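Reading through the structure tokens given below for one structure.
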């Protein structure tokens, strides 16, 4: 067996770094466990004692409100103690290396690190470095992966469209810069979704995207036809200082999801977005707030999925 | 050893539970999997307004550190107000008492019950916690190397299986 950076010697999940490389059974186990955790958040006492006495460290080298907050709530609902650090604002700016930051927190007996970084591979780097009892969760690294977002998207799809072997799904927007899209595509193909489409202008598609097992469209009118699920991506305009697009208005005209374009999909199609949304750029407010939108349920389910990931990792000690 | 007939014991348990439920209103809560099956079977025998719930105590186990979350977990489902109610907790086999401790901890996260009564099909001894069942269909003396399992076939018929650990 080749060594896999996410698995321990028993083949169990030690870290969650990317969806790539996880089996269908593992993905299903996470999603099934998340179903049980979803019920916890609906109770009078929204807490279970699973991670009592453990310390979870949110290490955010890049800003994020939603992801950090949902990880924090998830860890607290598991009864862990949680420390959230916006490292970009503190020691890093004083010149401390990532590994020194991690070592210091490990010296304070942190049991789990949730890592967000603008560099691809940052979470892998930390996972290779830490002691064997410590678990690392990738909460987004550069353009590479955002596995818990991919998992919560799968959880959401399964809740609304339980038969995943019979779905047509379109991912729309800035795939070039999107770590979310990469995680989604791996998860969808692993779970057996037969038709995954990507819809984007040529300038916002990574090279060789077709090798990921998706069908490529450049026109919304064709790509959205008869799909069951529309997964919108955020236009990463803060990363777009080049000549990839002429203007946000033109982008909205061609690739923004309006009620008229959504009408091409199946009548019961659901609309998803990982947030934060650019209203009037990739999505029209009438769609974002419309009856087919499941954007806020995605946020709610994100807590259950993150509880499941943390619970499973914490139970897998080497 | 000769195992008792599971269906026979279920009938005996049903009689005792019907007597209790005739005296005061209860809510049935079965512990996954065997206890939940039993609660499902017993529920139609009680008055129509008797609530039914199920607990999966995986998140409350005291051996999570050793076992992790590997097995298939079923969602707990308590579709009624626990606060102030008499809960009739149902399990198939009472052994160490650790499962019941976990179940009681979980129940209290739904609310404060007025009373909890424990009903089990088999009390096999070997307690490690100060837990006792008020309603017991049968007592068996089993060694720690033996594991008694309740099975339910596709027709819903119960039987016992005795596994010997090496």
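Chains as they are written, first to last, in the working numbering: chain A, 1 to 318; chain B, 1 to 166.
Where a beta carbon is used, it is the ideal one built from N, C-alpha and C, also for glycine.
As the structure is a prediction and not an experimental result, all values here were calculated from the model.
Item                                                                                                                                                                                             : Value
Measure the alpha-carbon distance for residue 38/A versus residue 309/A and round it to whole angstroms.                                                                                         : 13 Å
Report the rounded CA-to-CA distance for residue 15/A versus residue 153/A, giving the unit in angstroms.                                                                                        : 20 Å
Kindly say whether residue 43/B, judged by its beta-carbon, lies nearer than 8 Å to any beta-carbon of chain A.                                                                                  : no
Would you call the CB atoms of residue 117/A and residue 123/A closer than 8 Å?                                                                                                                  : yes
In three-state DSSP terms, what is residue 102/A?                                                                                                                                                : helix
Would a check of beta-carbon distances place residue 256/A closer than 8 Å to chain B?                                                                                                           : no
At the level of alpha carbons, what is the spacing between residue 250/A and residue 278/A?                                                                                                      : 14 Å
Have a look at the DSSP bridge pairing and note the partners of residue 53/B.                                                                                                                    : 29/B
Across the region 169 to 180 of chain A and the region 127 to 146 of chain A, are there enough close Cβ pairs to call them in contact, namely three or more that are closer than 8 Å?            : yes
I need the DSSP call for residue 184/B, collapsed to helix, strand or coil.                                                                                                                      : Nothing in the structure corresponds to residue 184/B, since chain B is present only between 1 and 166.
Taking Cβ positions, are residue 48/A and residue 40/A nearer each other than 8 Å?                                                                                                               : yes
Are there 16 or more other CB atoms within 10 angstroms of the CB of residue 165/A, so buried, or fewer, so exposed?                                                                             : exposed
Is the shortest distance between the beta-carbon of residue 312/A and the beta-carbons of chain B less than 8 Å?                                                                                 : yes
Answer with yes or no whether the minimum CB distance from residue 300/A to chain B is below 8 Å.                                                                                                : no
Would residue 54/A be called buried (16 or more neighbouring beta carbons within 10 Å of its own) or exposed?                                                                                    : buried
Could you give the first and the last residue of the continuous beta strand (DSSP E) run that contains residue 92/B?                                                                             : 86 to 94
Does residue 143/A come within less than 8 Å of chain B when only Cβ atoms are used?                                                                                                             : no
Using a C-beta cutoff of 8 Å, does residue 33/A count as contacting chain B?                                                                                                                     : yes
Assuming the contact rule is C-beta atoms closer than 8 Å, residue 321/A and residue 272/A should be a hit. Round their C-beta distance to whole Å, please.                                      : Chain A is shown from 1 up to 318; residue 321/A falls before or after that span and cannot be answered.
Assign residue 117/A to one of three DSSP states: helix, strand, or coil.                                                                                                                        : strand
Compute every distance between the C-beta of residue 113/A and the non-hydrogen atoms of the ligand COA, then say whether any falls below 7 Å.                                                   : The ligand COA is not part of the structure shown, which contains no ligands of any sort.
Kindly list, in the order they appear in chain A, the residues whose Cβ is closer than 8 Å to that of residue 75/B.                                                                              : 35, 36, 38 and 39
Which residue's Cα is closest to the Cα of residue 11/B: 140/B, 122/B, 111/B and 81/B?                                                                                                           : 122/B
What is the rounded straight-line gap between the Cα of residue 115/B and the Cα of residue 22/B?                                                                                                : 16 Å
Starting from the beta carbon of residue 60/B, find every residue of chain A whose beta carbon is closer than 9 Å, and list them in chain order.                                                 : 48, 49 and 50
Answer yes if the region 45 to 59 of chain B comes into contact with the region 135 to 146 of chain B, meaning at least three C-beta pairs across the two stretches below 8 Å, and no otherwise. : no
Please report whether the beta-carbon of residue 43/A lies at a distance below 8 Å from any beta-carbon of chain B.                                                                              : yes
From the DSSP output, in three-state form, read off residue 301/A for me.                                                                                                                        : helix
Are residue 34/B and residue 92/B touching if we call contact CB-CB under 8 Å?                                                                                                                   : yes
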